[in-house]
Amino acid sequence: MENSKTFSLNDHFLWGGAVAAHQLEGAWNVDGKGISIADVMTQGANGVERKITDGVLDGENYPNHEAIDFYHLYPEDIKLFAEMGFKCFRTSIAWSRIFPQGDEDLPNEAGLKFYDDLFDTCLKYGIKPVITLSHFEMPYHLVQVYGGWRNRKMIGFFTKFARVVFERYKDKVEYWMTFNEINNQTSYDMTFSLFTNSGILAKTGEDPEKLMYQAGHYETVASALAVQIGHQINPNFKIGAMIAMIPIYPASSKPADIFKAEKAMQIRYWFADVQVNGRYPDWLVKYQQNHHFDLDITLADLDVLKSGPVDYLGFSYYMSASVAASESDEPEYGYKENHKFVKNPYLAASDWGWQIDPQGLRYAMNWLNDRYHLPQFIVENGLGAIDQLEDDQTIHDAYRIDYLREHIRQMELAVAYDGINLIGYTPWGCIDLVSAGTGQMDKRYGFIYVDKNDAGHSTLKRYKKDSFYWYKKVIQSNGRDL
Ligand code: BGP
530 MENSKTFSLN DHFLWGGAVA AHQLEGAWNV DGKGISIADV MTQGANGVER
580 KITDGVLDGE NYPNHEAIDF YHLYPEDIKL FAEMGFKCFR TSIAWSRIFP
630 QGDEDLPNEA GLKFYDDLFD TCLKYGIKPV ITLSHFEMPY HLVQVYGGWR
680 NRKMIGFFTK FARVVFERYK DKVEYWMTFN EINNQTSYDM TFSLFTNSGI
730 LAKTGEDPEK LMYQAGHYET VASALAVQIG HQINPNFKIG AMIAMIPIYP
780 ASSKPADIFK AEKAMQIRYW FADVQVNGRY PDWLVKYQQN HHFDLDITLA
830 DLDVLKSGPV DYLGFSYYMS ASVAASESDE PEYGYKENHK FVKNPYLAAS
880 DWGWQIDPQG LRYAMNWLND RYHLPQFIVE NGLGAIDQLE DDQTIHDAYR
930 IDYLREHIRQ MELAVAYDGI NLIGYTPWGC IDLVSAGTGQ MDKRYGFIYV
980 DKNDAGHSTL KRYKKDSFYW YKKVIQSNGR DL
């Protein structure tokens, strides 16, 4: 890859890092912030989902409440990002800082001011903010009173929030995303997924699949409206979709395995189909009819979807998965295709069982390009691992460097040989933060170590890992020196 003949990342390539407000800001009740859904989730135990509480905030461990206190410490952190040479920084705006309850008429000025200061600090160093509007959070009040995204009224609350922040930051932010990993809720049987994406807790007897399709519809309509509003406010805005990209392979060359993998991909990526193509895919129209879901989808909604396609495709990439056909498969494929994964014997896995597949990134980029024909932005990628802070305050994370190097190589091959128009690359959790899946600190992704652990120790001091110096060199050489 060092061969300059094949090398083609352009000089404006957006190297950076990615985080989400609720996973690092802390200050959960400061300066008028309301309670968000992330604030009522406790830490999970190993292998056990985080607990969703009823919002009575006593006596439990709520990791997001302090997180790494980025809210107060961000000037120091942005300075470290600048030292690595970041060209961009992906974070999200905590909706509940702007509209503490979600249904007020007027925004909270202190919340708006915080992001003004944060973005100004980034821009001072030449770092472009890349902003997700809703990254696994919304004001908890909207869950309590309206039931989250099961309710059509959410479209109005979300677009009001989007309009306010688009107006406010129109000269500071160019790249936006509407919903983080909007397609995660195809895992609707995990209470966690439906709650973090949509603020929905299914009641006894309710069909979570129907709820997912209804919430997904309102969200894609809200996303399309936000794209339109954003472009009216600033025609230069680039507003993207953001999906969790996990390519699903057939376990073998058996035609039944191949077909099952194809169905699994359809099921997992319908959200992006709607956000990019402005229409539902044919299989899904049929599936929803066959199941008599009786969804609230109006003709006016379908027009909105058509008129608000996204400008680029943002995606996270951590792993691939595989499926195998079985005797009990039905002619109509549904949820289970997307989830009954089999182990891929050719791949190693992280300590959390995520199968590591650098070439899968190039495969994913090709698949996405053929399907959507849009510029791509890799807005998350990385290795969650347990790091050791040595006595001399160093952290030797060669495993993380190996993971990132191999993925960057594949990304560069996709640009050099497959014609992919790639805008940028922002590895996940560029500074250690609270894990979304586990609520734990000890699953770390960062180039910067934060001295805080799950046993209760916390100085919040920041230390540079070996990967910090490595990534700095990668950016300096525009990806040539890996
Ligand atoms: C993605 C989320 C992030 C982040 C990441 C790593 O799904 O968009 O918020 O947390 O995964 O996951 P985890 O924190 O569970 O290791």
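For what it's worth, the working numbering labels the leading residue of the sequence shown as 530, then goes sequentially. A virtual CB, placed ideally from N, CA and C, is assigned to each residue, including glycine.
query	result
What are the boundary residues of the beta strand (DSSP E) that G769 is part of?	767-773
What does DSSP give as the partner residue(s) for P668 in the beta ladder?	S565
Excluding sequence positions up to five away, which residues of its chain have a Cβ less than 7 Å from the Cβ of L918?	I924, Y978, D980, Y992
Using alpha carbons as the reference points, say which of L602, E748, L897 lies closest to S663.	E748
Take F648 as the anchor and find which of Q630, I622, E633, M667 has the nearest alpha-carbon.	I622
What are the start and end residues of the alpha helix (DSSP H) that includes R900?	887-901
Is it buried or exposed for H936, if we count other Cβ within 10 angstroms and need 16 for buried?	buried
Using a 10 Å radius around the Cβ and a threshold of 16 neighbouring Cβ atoms, would you call I711 buried or exposed?	buried
Under a three-way DSSP split, which group does T827 fall into?	coil
Are I597 and D961 close, meaning C-beta to C-beta below 9 Å?	yes
Just to check, is the beta-carbon of N867 closer than 8 Å to a non-hydrogen atom of ligand 1?	no
Reducing DSSP to helix, strand and coil, say where T620 ends up.	strand
For the putative contact between K616 and P658, defined by C-beta atoms under 8 Å, what is the C-beta separation to the nearest angstrom?	About 11 Å; that fails the 8 Å criterion.
Is there a Cβ from chain B that is less than 9 Å from the Cβ of E666?	The structure shown contains no chain B, having only a single protein chain.
Which two residues bound the contiguous beta strand (DSSP E) that contains T707?	704-708
Alpha carbons only, please: which of D802, E791, A780 is nearest the one belonging to I752?	The question names Ile, but residue 752 is Ser in the sequence shown. It is D802 whose Cα lies nearest to the Cα of S752.
May I have a chain-ordered list of the alpha helix (DSSP H) segments no shorter than 4 residues that lie completely inside the stretch 783-866?	784-797, 799-806, 811-819, 828-836
Run through the stretch 945-979 for me and flag every whole beta strand (DSSP E) of 3 or more residues, listed as ranges in chain order.	951-954
For a minimum of 4 consecutive residues, which ranges assigned as the alpha helix (DSSP H) are wholly contained in the stretch 546-602?	550-553
If you count every other CB in all the chains shown that lies within 10 Å of the CB of G948, and 16 or more means buried, which is it?	exposed
Here's a check: name, in chain order, each residue in its chain whose Cβ is nearer than 7 Å to the Cβ of R679, leaving out the five neighbours to either side.	I729, L740, Q743, A744
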